[in-house]
Amino acid sequence: DTAAKGKDEL
Amino acid sequence: MNLFRLFGDLSHLASIFILLHKIYTTRSCRGISFKTQALYVAVFVSRYIDFTYISVYNTLMKLFFIGSSCYILYLMRIKYRPTHDPSIDTFRVEYLVGPCVLLGLIFNYQFTVIEVLWSFSIFLESVAILPQLFMLQRTGEAETITTHYLAALGAYRALYIPNWIYRYFTEGTVDPIAVTAGLVQTGLYLDFFYVYFTKVMQGQKFELPA
């Protein structure tokens, strides 16, 4: 799921 | 979560407290670009509108960044309004926002409102400091506390770079949008960092050569 990349970062 | 990212986030947190401390102790927002601060509100609101739950840490930080950035605008616009001089805060923000909207529409991970806003916020964050740096360039000097604010803010994104390298090796993930924008963002600080390390850290005043 590419859309989730980096989404856990602020 | 790794130490680079944790210290990056803490540095970001520290930068906001330094800025608040500067405004409180000098009872003034002199030397601070309202435009840059307003852009940060736009950055946080457009990025964190994605309510996907990650962790307590993540949620608290998001709330803090939205809340504190709005509070700083209140301080600048209302409480300490007379201390802000719009005549030196003249960077044209439409030249930043326009291209970032365009970039967000072109480069995103999914063509949905949330994803485009997320990309837009990443691009906008990378250049949001420009009105502030432009102002610094115009006045040619800055209060030491203001330079500490900028250094902490610059360190935040700079620390995200080793975080991405670490994540690449441990998780095998790369976020090309965040990395590209992050490199640009850090690059914009290089000149500032040079003067900060060679002057402010040596106890001298932050002054740009004439």
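Protein sequence lines correspond, in order, to chains E and C.
Numbers 25 to 34, taken from the numbering used here, label the letters of the first sequence in order.
Numbers 25 to 234, taken from the numbering used here, label the letters of the second sequence in order.
Glycine included, every Cβ here is placed at the ideal spot set by N, Cα and C.
A quick note: this is a predicted structure, and the numbers were derived from the prediction, not measured.
CB of residue i within 9 Å of CB of residue j, strictly
i: C:F58; j: C:P106; result: no
i: C:A175; j: C:V224; result: yes
i: C:S143; j: C:I201; result: yes
i: C:T171; j: C:F230; result: yes
i: C:L43; j: C:I112; result: no
i: C:L183; j: C:G32; result: yes
i: C:Y104; j: C:C53; result: yes
Alpha helix (DSSP H) segment containing residue i, residue limits
i: C:L44; result: L27 to T50
i: C:I189; result: T168 to E195
i: C:V203; result: P200 to L212
i: C:Y64; result: F58 to Y72
i: C:Y81; result: V80 to Y98
i: C:G55; result: Note, C:G55: premise wrong, no alpha helix (DSSP H); not H, not E.
i: C:I146; result: V137 to V151
i: C:Q228; result: Unbroken run through C:Q228: none, as it is neither H nor E.
i: C:Q156; result: L154 to T163
Whole-Å CB distance - residue i paired with residue j, under 8 Å assumed
i: C:S121; j: C:L141; result: Note that residue 121 of chain C is Val in the sequence shown here, rather than Ser. The Cβ separation is near 13 Å, so there is no contact.
i: C:I169; j: C:T210; result: In fact, because the Cβ distance is near 22 Å, the residues do not count as touching under 8 Å.
i: C:Q156; j: C:T49; result: That belief does not hold up - the Cβ atoms of C:Q156 and C:T49 are roughly 19 Å apart, past 8 Å.
i: C:L232; j: C:Q161; result: 7 Å
Beta-carbon neighbours of residue i, restricted to chain E and to distances below 7 Å
i: C:D33; result: L34
Contacts that residue i makes with chain A (C-beta to C-beta distance below 7 Å)
i: C:T76; result: The structure shown has no chain A; the protein chains it does contain are E and C.
Interface residues of chain E facing residue i [CB-CB closer than 8 Å]
i: C:N82; result: D32 and L34
Cross-chain neighbours of residue i in chain E, by beta carbon under 9 Å
i: C:R29; result: E33 and L34
i: C:M85; result: L34
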